[in-house]
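Colleague: Right, I'll just put the structure down here and ask away after.
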Ligand code: PLP
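Quick look at the structure:
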């Protein structure tokens with residue numbers, strides 16, 4: 003019934019799209035302007051400059067009016083040629099989808115990873131990448147593609163270590179990284195980590211609705227794009243880079259989402275990236291303490307790569323995670339992320355990203371705890387109390403308003 007809306011705020015605790023703050027919604031409601039007029043150029047120049055701070059790059063960042071999937075396609079078609087071999091690493095569902103796209107585009111992906119479902123509980127293993135590249139004496143592999151924050155599992159891989167693995171093998175392959183769900187929530191360093199193309203999206207840490215996505219480039223990626231022959235038109239970087247020099251696009255950009263992006267960047271850079279990351283780390287730690295107190299397992303089995311963006315909560319054998327999510331949605335008006343692909347039904351995902359604070363998280367965990375109990379899941383202890391104790395003690399040294 004679309005006419006009925008429950009009172010209070012819907013809790014959108016999926017790992018993206020994340021809740022859009024009122025301030026951003028209001029900014030997006032400004033009237034759409036002439037995308038070739040002078041005011042627009044100023045907006046374009048501002049967002050194109052400020053977004054670089056978030057990627058930690060001095061190189062061009064392309065902004066597409068498209069979802070993240072479009073920016074995935076752009077990264078591949080701008081840098082590669084038909085039949086090129088690409089080394090892709092299976093961290094979960096999104097890595098798998100990117101591999102399927104590579105196949106559809108006429109590339110030859112080699113998909114490596116840990117056996118069985120082990121790879122869906124751990125991060126990228128740089129030694130496997132290094133070994134494969136060392137064996138590639140003919141230098142047939144043109145790119146290494148990895149997902150930084152695997153949204154389907156809640157694992158944040160070590161991209162600097164992947165860079166070191168490529169360098170240790172002395173291999174010239176490009177490094178393409180998906181941080182669609184990591185950007186502006188987890189620390190990310192495009193230039194320092196030597197990433198050639200970073201792919202990201204608007205609807206996660208940037209707190210925007212879906213609809214814009216990014217390619218951050220490197221000089222090596224731009225050079226590769228001059229020789230790469232996969233067909234591309236809309237996604238082609240060169241015309242966009244040219245038009246972007248003055249703050250414009252070669253086609254009609256997503257004006258109102260760019261108003262939102264400008265506002266989001268003011269908020270994120272105003273809070274300070276390090277503070278944003280520390281807040282995400284704190285909320286993620288509180289969530290994990292809740293899961294452990296419940297006596298349940300976390301999908302990510304390696305504490306060194308826990309995601310600050312989301313936490314996957316594995317259900318005890320015989321419990322359908324989607325039935326638990328349904329109860330929580332129907333009784334408490336909260337949406338949690340479903341398990342995707344190979345692990346469907348086995349766990350649910352709690353998003354704690356973007357416009358989220360201690361009290362938002364406490365309400366989220368309370369909804370989970372009540373829903374788990376209603377679903378008949380026996381819990382060892384209160385996760386709400388465990389999380390609250392942790393956040394209360396963190397608050398002793400942590401002040402929102404100095
Ligand atoms: N990659 C990752 C890691 C994602 O989380 C998503 C979406 O959730 C995508 C790719 C696909 O992006 P989109 O759904 O915006 O096309």
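Residue numbers (UniProt numbering): 3 to 404.
Just so it is clear, CB atoms sit at the ideal spot from N, CA and C, and this is done for glycine as well.
1. Output needed for residue 72: all residues of its chain with C-beta closer than 6 Å, excluding positions within five of it in sequence on either side, in chain order.
2. Note down the Cα distance separating residue 42 from residue 29, rounded to an integer number of angstroms.
3. Can the beta-carbon of residue 235 be found closer than 8 Å to that of residue 207?
4. Candidates 182, 262, 94 and 389: which alpha carbon is nearest residue 57's?
5. Within its chain, find whatever has a CB closer than 6 Å to the CB of residue 197; leave out the 5 residues flanking it on each side and keep chain order.
6. Going by other Cβ atoms of all chains shown within 10 Å of its Cβ, with 16 needed for buried, is residue 101 buried or exposed?
7. Exposed or buried, what is residue 36 when buried is set at 16 or more other beta-carbons lying within 10 Å of its beta-carbon?
8. Mind checking whether the beta-carbon of residue 335 lies closer than 7 Å to any heavy atom of ligand 1?
9. What residues match up with residue 114 in a beta bridge as DSSP calls it?
10. When DSSP builds the beta bridges, which residues end up paired with residue 158?
11. Using the beta-carbon count (16 or more within 10 Å), is residue 60 buried or exposed?
12. With distances taken from each beta carbon to the nearest heavy atom of ligand 1, which residues come in below 6 Å, in chain order?
13. Where does residue 253 land, buried or exposed, given buried means 16+ other C-beta within 10 angstroms?
14. Following the continuous beta strand (DSSP E) through residue 47, name the residue where it begins and the one where it ends.
15. Grab me the residues of residue 357's own chain with a C-beta within less than 8 Å of its C-beta, minus the 5 sequence neighbours each way, in chain order.
16. How big is the Cα-Cα spacing for residue 286 and residue 302?
17. Tell me the residue span of the alpha helix (DSSP H) that contains residue 215.
18. Once you ignore the five residues that flank residue 218 on each side, which residues in its own chain have a CB closer than 6 Å to its CB?
19. In angstroms, rounded to a whole number, what distance separates the CA positions of residue 267 and residue 222?
20. What does DSSP give as the partner residue(s) for residue 351 in the beta ladder?
21. Please report how far the alpha carbon of residue 401 lies from the alpha carbon of residue 83, in whole angstroms.
22. For my contact list, residue 237 and residue 79 are in at a C-beta cut-off of 8 Å; report their separation, rounded to the angstrom.
23. Pick from 106, 6, 77 and 261: whose alpha carbon is nearest that of residue 239?
24. Looking at C-alpha atoms only, which residue of 279, 135, 284 and 323 is the closest neighbour of residue 299?
25. Go through its chain and collect everything with a Cβ distance to residue 315's Cβ below 6 Å, but skip five positions before and after it.
26. Roughly how many whole angstroms lie between the Cα atoms of residue 152 and residue 18?
27. In the DSSP assignment, the beta strand (DSSP E) including residue 203 goes from what residue to what residue?
28. Would you give the residue range spanned by the beta strand (DSSP E) that residue 64 belongs to?
29. Which one of 11, 270 and 328 has the shortest CA to CA distance from residue 355?
30. Would you give the residue range spanned by the beta strand (DSSP E) that residue 334 belongs to?
31. Alpha carbons only, please: which of 389, 257 and 345 is nearest the one belonging to residue 291?
32. Please specify which runs of the alpha helix (DSSP H), each continuous and at least 4 residues long, are wholly inside the region 265-305, giving them in chain order.
33. Pick helix, strand or coil for residue 206, following the three-state DSSP scheme.
34. Tell me the DSSP secondary structure of residue 35 in three-state form.
35. Using 8 Å as the cut-off, can you tell me whether the region 163-176 makes contact with the region 141-149, which would need three or more C-beta pairs spanning the two stretches below that distance?
Modeller: Taking the coordinates as given:
1. 66 and 215
2. 14 Å
3. no
4. 182
5. 177 and 179
6. buried
7. exposed
8. no
9. Beta-bridge partners assigned by DSSP to residue 114: 91.
10. 151
11. An exposed status is given to residue 60, since fewer than 16 other beta-carbon atoms sit within 10 Å of its beta-carbon.
12. Here the list is 18, 69, 70, 71, 96, 149, 153, 180, 182, 183, 203 and 212.
13. Exposed: under 16 other Cβ atoms inside 10 Å.
14. Taken as a continuous stretch (DSSP letters only), residue 47 belongs to no beta strand (DSSP E), being part of the alpha helix (DSSP H) at 40-57.
15. The residues are 20, 21, 22, 23 and 209.
16. Roughly 12 Å between the two C-alpha positions.
17. Per DSSP, residue 215 belongs to no alpha helix (DSSP H); it is in the beta strand (DSSP E), 215-219.
18. 57, 59, 63, 192 and 200
19. C-alpha separation (whole angstroms): 27 Å.
20. 314 and 339
21. 52 Å
22. 5 Å
23. 77
24. 323
25. 293, 298, 349 and 350
26. 12 Å
27. 199-203
28. Its beta strand (DSSP E) spans residues 63-66.
29. 270
30. Premise fails: residue 334 lies in the alpha helix (DSSP H), 323-334, not in any beta strand (DSSP E).
31. 389
32. 275-296
33. coil
34. coil
35. Look at the beta carbons and you see the region 163-176 touching the region 141-149: at least three pairs across the two are nearer than 8 Å.
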